[in-house]
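Trainee: Pasting a structure below so you can have a look.
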């Protein structure tokens, strides 16, 4: 399939060099799985986008409607695809001062799904990253454009057999993967790190929490050390594109693809509509 | 004067929506005073740009030469002007993973100097910001494109009589202004905050430290509480565009424009060539 790009509803592949998304990272983005032509979990993605805009002083009134209209302009892909939506504060303002009435920039980019033909959903190798995520509650949770910590963490390894790295915050608690959220099974409880200080509040993470509770599983959100993660009986990573990737190796430790992970994978939550 | 923009040496005002500067803030920038047609302190600015590239895995071999060639393409402005140089990691790579051989994007934007006809160099009012800067040694010092903390700090006030806000780090130490570095005079010593954990290592700041030492002044770089800043006999802010702005009011406290500040202002360091 060919990429399709829209900027503010018009076919375009560039933005102004004065855009505050480029200058300061004043913007947010979503990476959405398009399955059988339908953007999955769209409502949740748009809601997080709106919440991020509010945190970054980007006006979001009417934004959802505009984005839904933009989506109508795109040709529906026959294969699975990735839809990236970016919303920035647009151009203007004086230095760091946000313009009084910002004119946000909407960027849609529909592209082919990455090649996962090596079936990472059967289990992946991961490592610990040395890069630490800072604790900044003013920015935690939202998927903003200031992602240098993730870029630095991802630059720590080049071995293609390692599919993801786990990252701790500056206090030493485990937060997430560079591009995914982390879950662990200990006993009969599903655990996932608290994201109030650092990390991205993943759409798939929330779907998994909801589905697990609905299935009667106990889910705890807390602060976990690397040692607690390493002591788990099952580990898996998730995001909107990959669904669930079980971890079968973390550095020198091996893990089984266990029943809880298999059950949650079987729900195919990443393909849900709405 | 009219803006003049170049992208990779060619007249252009846009960059690709896939540029990693926009997507992740993987890039650095410099804001340079152009005085009587000459970019001031150019060598220091280009050196900091190169150092920032090295920290962000952006190859900088040949970059300085390319930027100097780009500068030859720009028409020399007759008035004072601002030259903003941005260098990003360019497009490509897979998600956060930096491409194996990045093709950086060079953006030059020459624009009029902001209007300072109210003579802020005679003294300005400033305030304390509530936004805290995180301590991230991996990113401190360099002028990278992840500037949401500055945007949030600057959004804390709208009163145009307040020209700048002072920002502390998460430990409570004073770091800098939202767009400037801070100096204080206590007794016969010039003090300025240490920037190893947070903040931008300003070109003007370094010029001031050098000039002050050359003039026989004692200069100390350290960790200072807001109370220590408030107890100073003179306070001033600096950056490459404004030179030195004395602080005459900080919240309810008033300060004199003192001899040390006046002396350093008289050197007109911001207009230095090289």
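Chains as they are written, first to last, in the working numbering: chain E, 1 to 274; chain Z, 1001 to 1274.
Backbone N, C-alpha and C define an ideal beta-carbon position, used for all residues, glycine too.
Just so you know, these numbers come straight off a predicted model, no measurement behind them.
Would you check if there are 3 or more beta carbon pairs closer than 8 Å linking the stretch 1173-1189 of chain Z to the stretch 1227-1238 of chain Z?
Mentor: They touch, by the three-pair rule.
Trainee: For chain E, check one thing: does any of its Cβ atoms lie closer than 8 Å to the Cβ of residue 1101 of chain Z?
Mentor: Within the second chain, numbered from 1, the residue matching residue 1101 of chain Z stands at position 101. Closer than 8 Å: no.
Trainee: Go ahead and label residue 205 of chain E buried or exposed: buried means 16 or more other beta carbons lie within 10 angstroms of its beta carbon, across all protein chains shown.
Mentor: Counting from one through the first chain, the residue named residue 205 of chain E turns up at place 205. Residue 205 of chain E comes out buried.
Trainee: Kindly say whether residue 1005 of chain Z, judged by its beta-carbon, lies nearer than 8 Å to any beta-carbon of chain E.
Mentor: For the purposes of this step, residue 1005 of chain Z is taken as the residue at position 5 of the second chain. It does; some Cβ of chain E falls within 8 Å.
Trainee: Which residues does DSSP pair with residue 124 of chain E in a beta bridge?
Mentor: Indexing the first chain from 1 puts residue 124 of chain E at position 124. Its beta-bridge partners are E:247.
Trainee: Which residues bound the alpha helix (DSSP H) around residue 1046 of chain Z?
Mentor: Numbered from 1 along the second chain, position 46 holds the residue referred to as residue 1046 of chain Z. It spans 1042-1055 - the alpha helix (DSSP H) in which residue 1046 of chain Z sits, taken as one unbroken run.
Trainee: Determine, for residue 242 of chain E, whether the minimum Cβ-Cβ distance to residues of chain Z falls below 8 Å.
Mentor: Translated into the one-based positions of the first chain, residue 242 of chain E becomes position 242. It does not; no Cβ of chain Z falls within 8 Å.
Trainee: Checking contacts by CB at 8 Å: is residue 1114 of chain Z closer than that to chain E?
Mentor: Along the second chain, read from residue 1 onward, the residue named residue 1114 of chain Z stands at position 114. Output row for residue 1114 of chain Z: interface = yes.
Trainee: Against residue 1015 of chain Z, what residues of chain E qualify as contacts under a CB-to-CB distance less than 7 Å, listed in chain order?
Mentor: Taking the second chain and counting its residues from 1, one reaches residue 1015 of chain Z at position 15. In chain order: 14, 15, 17, 22.
Trainee: With distances taken from CA atoms, which of Z:1046, Z:1016, Z:1009, Z:1134 is nearest residue 1273 of chain Z?
Mentor: Within the second chain, residue 1273 of chain Z is the residue found at index 273, counting from 1. Closest option to residue 1273 of chain Z, Cα to Cα, is Z:1046.
Trainee: Where does the unbroken beta strand (DSSP E) through residue 1033 of chain Z begin, and where does it stop?
Mentor: Here the question's residue 1033 of chain Z lines up with position 33 in the second chain. From DSSP, the beta strand (DSSP E) with residue 1033 of chain Z extends over 1027-1035.
Trainee: What does the alpha-carbon distance come out to for the pair residue 180 of chain E and residue 154 of chain E?
Mentor: Here the question's residue 180 of chain E lines up with position 180 in the first chain. Here the question's residue 154 of chain E lines up with position 154 in the first chain. The straight-line gap from Cα to Cα measures roughly 12 Å.
Trainee: Bridge partners for residue 1220 of chain Z per DSSP, in chain order?
Mentor: Taking the second chain and counting its residues from 1, the one referred to as residue 1220 of chain Z is at position 220. In the DSSP output, where bridge partners are listed per residue, residue 1220 of chain Z has Z:1191.
Trainee: Does any residue of chain Z bring its CB to less than 8 Å from the CB of residue 191 of chain E?
Mentor: Translated into the one-based positions of the first chain, residue 191 of chain E becomes position 191. Taking Cβ atoms only, chain Z never reaches closer than 8 Å to residue 191 of chain E, which makes this a no.
Trainee: Establish whether the CB of residue 144 of chain E and some CB of chain Z are separated by less than 8 Å.
Mentor: If you number the first chain from 1, residue 144 of chain E lands on position 144. Residue 144 of chain E counts as touching chain Z.
Trainee: Compute the Euclidean distance between the alpha carbons of residue 1131 of chain Z and residue 136 of chain E, then round it to the nearest angstrom.
Mentor: Mapped onto the second chain, residue 1131 of chain Z falls at position 131. Mapped onto the first chain, residue 136 of chain E falls at position 136. Near 10 Å, if we compare the C-alpha coordinates of residue 136 of chain E and residue 1131 of chain Z.
Trainee: Whose C-alpha, out of Z:1085, Z:1006, Z:1242, Z:1259, is nearest the C-alpha of residue 1118 of chain Z?
Mentor: As a working mapping, residue 1118 of chain Z is identified with position 118 in the second chain. Cα-wise, what sits closest to residue 1118 of chain Z is Z:1242.
Trainee: Could you run through the stretch 1037-1053 of chain Z and flag, in chain order, every residue whose CB is less than 9 Å away from some CB of chain E?
Mentor: If the cut-off is 9 Å between Cβ atoms, the stretch 1037-1053 of chain Z has nothing near chain E.
Trainee: Could you run through the stretch 70-90 of chain E and flag, in chain order, every residue whose CB is less than 7 Å away from some CB of chain Z?
Mentor: Correct list: empty, as no residue qualifies.
Trainee: Could you say if the stretch 18-31 of chain E and the stretch 1037-1051 of chain Z meet the contact criterion of at least three C-beta pairs nearer than 8 Å?
Mentor: In short, these stretches do not touch, since the Cβ pair count stays below three.
Trainee: Compute the Euclidean distance between the alpha carbons of residue 108 of chain E and residue 203 of chain E, then round it to the nearest angstrom.
Mentor: Walking along the first chain from the start, residue 108 of chain E turns up at place 108. Walking along the first chain from the start, residue 203 of chain E turns up at place 203. So the two alpha carbons sit approximately 19 Å from each other.
Trainee: Could you work out which residue in Z:1269, Z:1182, Z:1171 is closest to residue 1214 of chain Z when comparing CA atoms only?
Mentor: Translated into the one-based positions of the second chain, residue 1214 of chain Z becomes position 214. The residue with the shortest Cα to Cα distance from residue 1214 of chain Z is Z:1269.
Trainee: CB residue 22 of chain E to CB residue 1022 of chain Z, shorter than 8 Å?
Mentor: On the first chain, residue 22 of chain E is found 22 positions in, with the first residue counted as 1. On the second chain, residue 1022 of chain Z is found 22 positions in, with the first residue counted as 1. Taking 8 Å as the Cβ cut-off, residue 22 of chain E and residue 1022 of chain Z qualify as a contacting pair.
Trainee: Report the partner residues of residue 1239 of chain Z according to the DSSP bridge assignment.
Mentor: Start at 1 with the first residue of the second chain, and residue 1239 of chain Z comes out as number 239. Residue 1239 of chain Z is bridged to Z:1243.
Trainee: In this structure, does DSSP put residue 113 of chain E in helix, strand or coil?
Mentor: In the first chain, the residue the question calls residue 113 of chain E occupies position 113. It is coil, neither helix nor strand.
Trainee: Going straight from the alpha carbon of residue 1222 of chain Z to that of residue 1075 of chain Z, what length do you get?
Mentor: Within the second chain, the letter at position 222 stands for residue 1222 of chain Z. Within the second chain, the letter at position 75 stands for residue 1075 of chain Z. Using only the alpha carbons, I get a separation of about 42 Å.
Trainee: Quick check: does the Cβ of residue 94 of chain E come within less than 7 Å of any heavy atom belonging to the ligand GTP?
Mentor: Ligands are entirely absent from the displayed structure, and the ligand GTP is therefore not among its contents.
Trainee: Am I right that residue 1016 of chain Z and residue 14 of chain E are in contact with their C-beta atoms under 8 Å? What's the rounded C-beta distance?
Mentor: Mapped onto the second chain, residue 1016 of chain Z falls at position 16. Mapped onto the first chain, residue 14 of chain E falls at position 14. Residue 1016 of chain Z to residue 14 of chain E, Cβ: 6 Å. Contact.
Trainee: Can you pull the chain B residues whose beta carbon is under 7 Å from the beta carbon of residue 28 of chain E, in chain order?
Mentor: Among the chains of the structure shown, chain B does not appear; the protein chains present are E and Z.
Trainee: Whose CA, out of E:120, E:194, E:217, lies closest to the CA of residue 225 of chain E?
Mentor: The residue you call residue 225 of chain E lines up with position 225 of the first chain. Of the listed residues, the one whose Cα sits closest to residue 225 of chain E is E:194.
Trainee: I'd like to know if the stretch 1152-1169 of chain Z and the stretch 154-163 of chain E are in contact, where contact means that at least 3 CB-CB pairs between them fall below 8 Å.
Mentor: Short answer: they don't touch.
Trainee: Quickly, what does DSSP pair residue 1183 of chain Z with across the bridge? List them, please.
Mentor: Position 183 of the second chain, counting from 1, holds the residue named residue 1183 of chain Z. Residue 1183 of chain Z pairs with Z:1236.
Trainee: Under the rule that 16 or more other beta-carbon atoms within 10 Å means buried, what is residue 34 of chain E, buried or exposed?
Mentor: Against the first chain, residue 34 of chain E aligns to sequence position 34. Looking at its Cβ environment, which holds 16 or more other Cβ atoms inside 10 Å, residue 34 of chain E is buried.
Trainee: Can you tell me which residues form a DSSP beta bridge with residue 1084 of chain Z?
Mentor: The residue given as residue 1084 of chain Z occupies position 84 in the second chain. The partner list for residue 1084 of chain Z (beta bridge, DSSP) reads Z:1031, Z:1109.
Trainee: Please identify, using Cβ separations under 8 Å, the residues of the stretch 134-166 of chain E that lie next to chain Z, in order along the chain.
Mentor: Those residues of the stretch 134-166 of chain E that come within reach of chain Z (Cβ to Cβ, closer than 8 Å) are 134, 135, 136, 138, 139, 144, 145, 146, 147, 148, 149, 150, 151, 152, 153, 154, 155.
Trainee: The beta strand (DSSP E) with residue 1169 of chain Z in it runs from where to where?
Mentor: By one-based count along the second chain, residue 1169 of chain Z stands at place 169. Unbroken beta strand (DSSP E) run through residue 1169 of chain Z: 1162-1169.
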